[in-house]
Ligand code: ARG
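Residue numbers (my numbering): 1359 to 1863.
Encoded structure:
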């Protein structure tokens, strides 16, 4: 429709198509703004521009974010030993690889917008699809944003208080401040947001490289004392292992990101699985090396108690250049947070345009063409999460919810093999792979609840199911709250936003 064309035409999200660099901007693909997707004579027909190299860059760029700089401590704490935590780091990489290969089949089979939303729609019908978009706009994206901003706060503050614990409230305030700046950037202009993205992605690679090279140097220097006896003190409880997975999987999250751009991949049946097979193991290797690097300069005990491992690493290894480490990590996390908000705004836009959220959330600023209301809405939820949560609890909350849907996508794949046998499947994954991922995701969802039923899981589950309470009256029966129109108009005037149809028709 003209709505979306107009919007795309003026550039909201257009820069996504450059394929590389923009780590998170590649979120819900460009076509997400276009309802049923481009047609023959659609003037903005998507070009197939993502080749193998940009495909790999997209995967690597999204996956590497805050996690590798904050998760190693938590993972070590939950597993008790470096050997076991190493095993989990590798297993998380493998699980992401298998999950991504299954997503490759889903993505090439149904290239229409919205990734999971579309697969759930095909396999299970509208209400599960609604629950997905509900949970991702209200839980998944804001919690990602909150975790990344908190990591930013940690590193920004830690840079000044060298190796002792910074007061939590300061970290939270810095996290909120970052969030406000990012909100401003994203409301201000799309181009600004995407350029921030590219610059900041480079910083993250610098940080990763410093850690890896530093570690290699230290190993050759003979610093292997902490790597002996790797399995001493291992914890084998089911729940601990599952939550250790949560911590690790956070660092790998983003493995499914190519699915949002399948329509733009050149020769997708070959390049999609290839990018996955190269990209995810590449990240896995980086993470393994980084973990070893950390252990060359600190003991497992020090690693467990350190608030910001990479800062300690920098302080011990880089001498006068130690500031480089917190600086590059803060830049990296700032960039990830920016990308996450960018993607969240588009998701919110798409979901409310489907009639799944309040109309106002799909409106766009009349001159800047940024989806202000959606961005503000997300930032408010994410801000509350920053205030009331901690990185670890939010990671559990996020991973629990995310894996419900990743598992759901596996089930969708398996179901559609039987219910839609004639759909074209340019890339077909061996059926055993989604079955394995499905089983593991069931374990990941149930394990922690049985072992240690904490309140986060209850919240998350209630939140998802709470979606149904809204779905039935407001989406299914399309009930309109009487005074809502007034509120919408008021907010429209206040924020200077309008529905995209009015702007471009
Ligand atoms: N793996 C990233 C990190 O370590 C988080 C990615 C969040 N997910 C996403 N789809 N952007 O920070």
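Cβ coordinates follow ideal geometry from the N, Cα and C atoms, glycine included.
| Asked | Found |
| --- | --- |
| Measure the Cβ-Cβ separation of residue 1556 and residue 1728 and say whether it is below 9 Å. | no |
| What's the C-alpha gap between residue 1411 and residue 1750? | 34 Å |
| Apart from the five residues on each side of it in sequence, which residues of its chain come closer than 6 Å, Cβ to Cβ, to residue 1581? | 1654 |
| So what does DSSP say about residue 1422, is it helix, strand or coil? | coil |
| Does DSSP put residue 1551 in a helix, a strand or coil? | helix |
| Within 8 Å: the Cβ of residue 1633 and any heavy atom of ligand 1? | no |
| Mind the definition here: the region 1454 to 1473 touches the region 1785 to 1804 only if three or more C-beta pairs lie below 8 Å; say whether that holds. | yes |
| Could you tell me whether the Cβ atoms of residue 1551 and residue 1696 are closer together than 9 Å? | yes |
| Comparing alpha-carbon positions, which option in 1486, 1425, 1741 lies nearest residue 1539? | 1741 |
| Indicate whether the contact test is met: 3 or more Cβ pairs, each with one atom in the region 1492 to 1502 and one in the region 1698 to 1710, closer than 8 Å. | yes |
| Please indicate yes or no: does the CB of residue 1426 lie closer than 8 Å to some heavy atom of ligand 1? | yes |
| Thinking just about the alpha-carbon of each residue, which of 1477, 1818, 1583, 1638 is nearest to the one in residue 1448? | 1638 |
| Could you check what DSSP says for residue 1722 in three-state terms: helix, strand or coil? | strand |
| Beta carbon of residue 1814, beta carbon of residue 1758: below 9 Å? | yes |
| I think residue 1694 touches residue 1506, with their Cβ atoms under 8 Å apart; what is that distance to the nearest whole Å? | 5 Å |
| Given this structure, state the Cα-to-Cα distance separating residue 1623 from residue 1613, to the nearest angstrom. | 16 Å |
| Which of the three DSSP states, helix, strand or coil, is assigned to residue 1408? | strand |
| For residue 1755 versus residue 1801, is the C-beta spacing smaller than 9 Å? | no |
| Check this for me: beta carbons of residue 1630 and residue 1785, under 9 Å apart or not? | yes |
| At a cut-off of 8 Å, would you count residue 1693 as near ligand 1, judging by its Cβ distance to the nearest heavy atom? | no |
| Per DSSP, which one or two residues make a beta bridge with residue 1855? | 1723 |
| Which term fits residue 1774, buried or exposed, when burial requires 16 or more other beta carbons within 10 angstroms of its beta carbon? | buried |
| If you measure from the CB of residue 1609, is any heavy atom of ligand 1 nearer than 8 Å? | yes |
| Would you say the region 1600 to 1610 touches the region 1429 to 1445, given that touching needs at least three Cβ pairs under 8 Å? | yes |
| Return yes when at least one heavy atom of ligand 1 lies under 8 Å from the C-beta of residue 1502, else no. | yes |
| What's the C-alpha gap between residue 1711 and residue 1762? | 24 Å |
| When you measure from the CB of residue 1697 to every non-hydrogen atom of ligand 2, does any distance come out below 8 Å? | Because ligand 2 does not appear in the structure shown, any question about it cannot be addressed here, the ligands present being ligand 1. |
| Tell me which same chain residues have a C-beta within less than 6 Å of the C-beta of residue 1528, skipping the five on either side of it? | 1515 |
| For the putative contact between residue 1424 and residue 1494, defined by C-beta atoms under 8 Å, what is the C-beta separation to the nearest angstrom? | So it is not a contact: roughly 19 Å between Cβ atoms. |
| Looking at residue 1615: is its Cβ nearer than 9 Å to the Cβ of residue 1420? | yes |
| My parser needs the alpha helix (DSSP H) runs of 4 or more residues fully inside the region 1724 to 1801; what are they? | 1730 to 1746, 1749 to 1777 |
| Counting Cβ pairs, one atom from each stretch, are 3 or more of them under 8 Å apart for the region 1472 to 1490 and the region 1817 to 1828? | yes |
| In the DSSP output, which residue or residues are listed as bridge partners for residue 1440? | Note: residue 1440 sits in no beta bridge, so no partner. |
| Is the beta carbon of residue 1491 within less than 8 Å of some heavy atom of ligand 1? | no |
| Looking only at C-alpha atoms, which of 1605, 1601, 1491, 1576 sits nearest to residue 1809? | 1601 |
| Taking the continuous alpha helix (DSSP H) assigned at residue 1542, which residues delimit it? | 1526 to 1546 |
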